[in-house]
Amino acid sequence: MSDTNIVVEIGRATRDGELKFLNSGIAVLNFSIAVNRSIPPKDGGEWKNEASFFDVQAWGKLAESKNKSIVKGKQLCIRGELRQDRWEQDGQARSKVYIVAESIQPLADPRAQDSADHETNGQARTGTARPAAVQTDFPDDVPF
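Each residue of the sequence shown is one higher than the last, beginning at -13 in my numbering.
Shown next as structure tokens:
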């Protein structure tokens, strides 16, 4: 069996995307996302949130087409693979792990959806069905 390098993250852009073009004309889009996870309480305490930050790169047509979608605070689903750069600086070995995006999907802002659910064309909506909540707090002992 061959190795697999696939990552899927849903988080919010921490800054607007930065689109650059290499001398060869290839587009590169750089941005970062914050992904929150909930940590269960210990001894009856309160749930805590912990954020992880990931740098993301997109290349070529994907970079050009998604550039305007990457705005600070926008929720995104990123699918891609992890890459690691290694270098030496001041005699010290350094490395950086980041996501190279294969797809970027901007997600609907639930806060905007809430206001849209309450009013349509100036008229109140009734009987609007809401989707079931998505579980985001998974135990640390998941068997994979």
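Just so you know, even glycine gets a beta-carbon here, dropped at the ideal spot from N, CA and C.
Residues near residue i in its chain [Cβ-Cβ closer than 6 Å; skip 5 each side]
i: TRP73; result: ARG80
i: ILE(-4); result: CYS63
i: GLU50; result: ALA13
Unbroken alpha helix (DSSP H) run spanning residue i, endpoints
i: GLU50; result: 46 to 52
Cα-Cα separation, residue i to residue j
i: LEU48; j: ILE90; result: 8 Å
i: LEU8; j: ASN22; result: 33 Å
i: GLU4; j: LEU15; result: 5 Å
i: PRO26; j: ALA20; result: 19 Å
i: LYS28; j: LYS34; result: 10 Å
i: ILE12; j: GLY31; result: 51 Å
i: TRP45; j: SER55; result: 15 Å
i: ALA37; j: MET(-13); result: 33 Å
Residue i, enclosing beta strand (DSSP E) - first and last residue
i: TRP33; result: TRP33 -> no beta strand (DSSP E), and no H or E assigned at all.
i: ARG(-2); result: -7 to -1
i: ASP71; result: 61 to 75
C-beta contact flag for residue i and residue j at 8 Å
i: GLN61; j: ARG(-2); result: yes
i: ALA94; j: GLY66; result: no
i: VAL42; j: SER18; result: yes
Proximal residues to residue i (C-beta, below 7 Å), its chain only, five neighbours per side dropped
i: ASP154; result: Residue 154 lies beyond the residue range present for the chain, which begins at -13 and ends at 130; the question has no answer from this structure.
i: LEU68; result: ASN(-9), VAL(-7), VAL83 and ILE85
i: PRO92; result: SER55, LYS60 and LEU62
i: ASN53; result: GLY3, LEU5 and LEU15
i: PHE39; result: THR0, SER18 and ALA20
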